[in-house]
Amino acid sequence: MQEKWLAYQSFQQGQDVLEAVNSLLINLKLNRTQLPEVEPQVTKTRVEIAEFLGQLDTMVRASKAERAILGADSRLRDLAISLSTSQQGTVVPEPFKAAPLADALRRFAPDQFPTIIDGLSQLRRIIERHIQEDALQVLGEL
Numbered sequence: 445m446q447e448k449w450l451a452y453q454s455f456q457q458g459q460d461v462l463e464a465v466n467s468l469l470i471n472l473k474l475n476r477t478q479l480p481e482v483e484p485q486v487t488k489t490r491v492e493i494a495e496f497l498g499q500l501d502t503m504v505r506a507s508k509a510e511r512a513i514l515g516a517d518s519r520l521r522d523l524a525i526s527l528s529t530s531q532q533g534t535v536v537p538e539p540f541k542a543a544p545l546a547d548a549l550r551r552f553a554p555d556q557f558p559t560i561i562d563g564l565s566q567l568r569r570i571i572e573r574h575i576q577e578d579a580l581q582v583l584g585e586l
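Sequential numbering of the sequence shown, starting at 445, is according to the numbering used here.
Given below as structure tokens:
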């Protein structure tokens, strides 16, 4: 039961991150050539995603250095380990790197928008796969 509960929490966290990513992507795609109106929600979303990416990057670096990943639930740790593996070139041809995307989100300059859009799109695919694994643990294979 504990494992299902952790999977449920991870699923919910993934949904929250996915909602933030989608919201920011929509805003950026509608305003590709200029700085979008900085609504409080857009700023809040950018900060939330940048913080998540910062935490994820710390865990990925710990995993690469074969250090213990502290302060994270097992599902988030699994995500960091899988990203660490992908950055070594064994899983995907173009690895996802959290730190440069987090920096671009903090700067949020129009010349960074294509980089941000590509990075957020890649993050969305990664989170969607992770959520699917969580859903399978919670619901079982149908």
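Don't be surprised by glycine CBs; every beta carbon is placed ideally from N, CA and C.
No experiment lies behind these values; they were computed from the predicted model shown.
With burial defined as no fewer than 16 other Cβ atoms inside 10 Å of the residue's Cβ, what is the status of residue i: buried or exposed?
{"i": "Q578", "result": "Residue identity differs from the one stated: residue 578 is Asp in this sequence, not Gln. Answer is buried; the Cβ neighbour count reaches 16."}
{"i": "A553", "result": "exposed"}
{"i": "T489", "result": "buried"}
{"i": "E447", "result": "exposed"}
Could you tell me the distance, in whole angstroms, from the CA atom of residue i to the CA atom of residue j?
{"i": "Q581", "j": "L527", "result": "20 Å"}
{"i": "I470", "j": "E495", "result": "20 Å"}
{"i": "F455", "j": "L472", "result": "25 Å"}
{"i": "R505", "j": "Y452", "result": "26 Å"}
{"i": "I493", "j": "R550", "result": "10 Å"}
{"i": "P558", "j": "W449", "result": "37 Å"}
{"i": "T502", "j": "E483", "result": "29 Å"}
{"i": "N475", "j": "Q556", "result": "12 Å"}
{"i": "L514", "j": "I525", "result": "13 Å"}
{"i": "F540", "j": "Q576", "result": "19 Å"}
Round the Cβ separation of residue i and residue j to the nearest angstrom and send it over; I've been treating them as touching at under 8 Å.
{"i": "L545", "j": "I560", "result": "7 Å"}
{"i": "V491", "j": "L468", "result": "Actually they do not touch by this definition, with Cβ atoms about 11 Å apart."}
Confirm, please, whether the CB-CB distance from residue j to residue i is below 7 Å.
{"i": "I415", "j": "G458", "result": "Nothing can be reported for residue 415, as the shown portion of the chain is limited to 445 through 586."}
{"i": "A548", "j": "L497", "result": "no"}
{"i": "L523", "j": "H574", "result": "yes"}
Check whether the stretch 501-514 and the stretch 556-565 are in contact - that is, three or more C-beta pairs closer than 8 Å. no
Touching or not, the stretch 460-474 and the stretch 515-526, by the rule of three or more beta carbon pairs under 8 Å? no
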